[in-house]
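Structure first, then comments.
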Amino acid sequence: MTNKKDKITKATNIIILILCASIIFFISFNSCQFLHYYSETVKEIIINKQDAKEVFNKRDKDFSENFYNKYLFLEYYGAYAKILDQKQLNNIYKAENDILVSPSASKIESTVLENNIEQLVKLSETLKSLNIPFLFIRLPIVFDNENLKLPPGIYDCKSLVAKDFADLMAKNNLEYYDFSYITKNGKPEEQYFYTNHHWRPEFAYKAVLEEIKLIQNKLDIDVDSKVLNFNNYNIETVKQKFLGSYGRRTGFIYSGFDDINIITPNFDTFFEGTLNFKQISGTFEDVFIHRKHVGENIYYSNAYSLYSNGLKNMHIINKNAKNRTKVLILADSYTCAMAPFLSNALYDVMVVDLRAPLPTNASVIENENYSFINTVKAEKPDIVIIQYYGAGLSMDTMFSKIN
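Sequential numbering of the sequence shown, starting at 802, is according to the working numbering.
Structural data, given as structure tokens:
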């Protein structure tokens, strides 16, 4: 028994030694690059009298992009951290459920939330004058799940921010719906990806059902019952092909891979319109499922974007819808997986992400003068919905171009 333990200990030590040697090699090799880059940086600043901050930022970017075999180095480093059972790597934490998370330990300044609420108050007043209903939905995050077990001493403040935001919404008589209740129970790894902060598409579908209820209560519309029954969808599981943004920061040896389900209806569908400013038409799969994002290069592909092609902007008409409801949604990346199922239920769905390039005079360019309310006035939707996940509540970029 003792001999067996000794052999295991020796084998472990050898592995750690090899990993350490590999890490030292990469650091040593890249140190030469580092010295070269920064000697050139000093020359540019002193001789060419260029702005120091600008030059350093450029050199930092160049060094990061040209780091010799950086992903191989990352995997060695991740393997070393995994052997030592480290719960933190590159500011990413591993929960007991093996889900990678990026907790926010500090609350947001109240003035940030107040400024965002001020934008919503202005929007609400304009929508009232136009007789257009308005809903604000806070989409759930993995930290809302009570079964998520963070490492000792680690906590997240996004729920506290959401509470402050909800209080301000109530104070200003704005309708606010918090969908965190749908994620309270259950296994977090069945709701969210292991290597990414986004939710799984089957869980996004659950949120769509809740949203459709809200829309029906507001507008008294008819929605085809087969669309709202998950048994009427086919599920194809793509195994071990998704390395999310957190996994790319830790390496797959540390994080593992995610499976992702491709969910498509088993009934007839036909859509037409624009997706990310490009004309598109066809079946549900033709329009909303973009398999090119499930690539062989795990570090540069994003399988979550196979839904809605990484949705930035869309205006889709459902030719088979039982209603003629037009919905305008202000959204973030959580809506990538929701938009296909919302479009399955409703006639006309428009989605705008304020962080994405916005159209000006039919050309796709960044428009600093863009105003979401102008889109509302031009499109005249039956209802306006803003739906952001927890972190979006405190981001001024999600509110600055509303009015």
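For glycine and all other residues, C-beta sits at the position ideal for the given N, C-alpha and C.
Predicted, not measured: the structure shown is a model, and the values here were computed from it.
Return the chain-ordered list of same chain residues with a C-beta closer than 7 Å to the C-beta of residue i, the five sequence neighbours on each side being excluded.
i, result
"Y995", "D899, I900, L901, S1056, G1057, D1059"
"F1004", "Q992"
"Y1190", "L940, I942, D1133, Y1135"
"M1139", "A1005, A1008, V1009"
"D1197", "V913, N916, N917"
"P1002", "N1062, I1064, Y1108, A1138"
"R1092", "L1107"
"N1110", "L1076, N1077, H1091"
"K1084", "Per the sequence shown, the amino acid found at residue 1084 is Thr instead of Lys. Answer for T1084: T1070, F1071, listed in chain order."
Please list, in chain order, all residues of the same chain as residue i whose beta carbon is under 8 Å from its beta carbon, the five residues on each side excluded.
i, result
"I824", "With a pLDDT of 48 at I824, under the threshold of 50, the modelled position of that residue is not reliable, and the figure given next carries that caveat. So the qualifying residues of the chain are F874, Y877, Y878, Y881."
"N1035", "I1064, T1065, P1066, N1067"
"L969", "L914, E915, I918"
"F826", "The pLDDT assigned to F826 is 49, lower than 50, so where the model puts this residue is not dependable; a value taken from the coordinates is nonetheless given after this. Nothing meets the Cβ criterion."
"V1153", "N1114, L1129, I1130, L1131, A1132, L1159, F1173, T1176"
"H999", "Y993, G1045, Y1105, S1134, Y1135, C1137, A1138"
"A1163", "Low confidence applies to A1163: its pLDDT is 44, below 50, so where it sits in the model is not reliable enough to give any reading."
Just grab the DSSP bridge partners of residue i for me.
i, result
"R939", "D979, Y1189"
"V1153", "N1114, L1131"
"I1184", "V1128"
"I955", "DSSP lists no partner for I955."
"I1099", "None, per the DSSP bridge assignment."
"I1090", "Y1108"
"N1119", "F1072"
"Y993", "W1000"
Near residue i, what residues of its chain come up, given a Cβ to Cβ distance below 6 Å and the 5 sequence neighbours on each side ignored?
i, result
"Y1006", "F1142"
"F1053", "L1044"
"G1096", "S1102"
"N946", "T984, P989"
"S1195", "I909, V913, V962"
"V1039", "I1061, V1095"
"F1200", "N917, Q920"
Determine the contact status of residue i and residue j, defining contact as a CB-CB distance below 8 Å.
i, j, result
"V1088", "I1099", "no"
"V1128", "I1184", "yes"
"E976", "F935", "yes"
"Y1105", "I893", "no"
"I1174", "L924", "yes"
"E1086", "N1062", "no"
"S903", "C958", "no"
"T1186", "I1130", "Per the sequence presented here, residue 1186 reads as Ile, with Thr not at that position. Yes. Within cutoff."
"A1146", "L1015", "no"
"F1072", "S1144", "yes"
"G1074", "I1117", "yes"
"F944", "L921", "no"
"L949", "T1051", "no"
**Message:** Quick check for students: name the residue ranges of the beta strand (DSSP E) that lie wholly in the region 1004–1083, counting only runs of 3 or more.
**Reply:** 1034–1043, 1059–1066, 1072–1076, 1079–1083
**Asked** Quick one: complete alpha helix (DSSP H) runs, 4+ long, within the region 875–934?
**Response** 911–930
**Any 3 or more C-beta pairs closer than 8 Å across the region 1017–1034 and the region 1115–1128** = Enough Cβ pairs lie closer than 8 Å, so yes.
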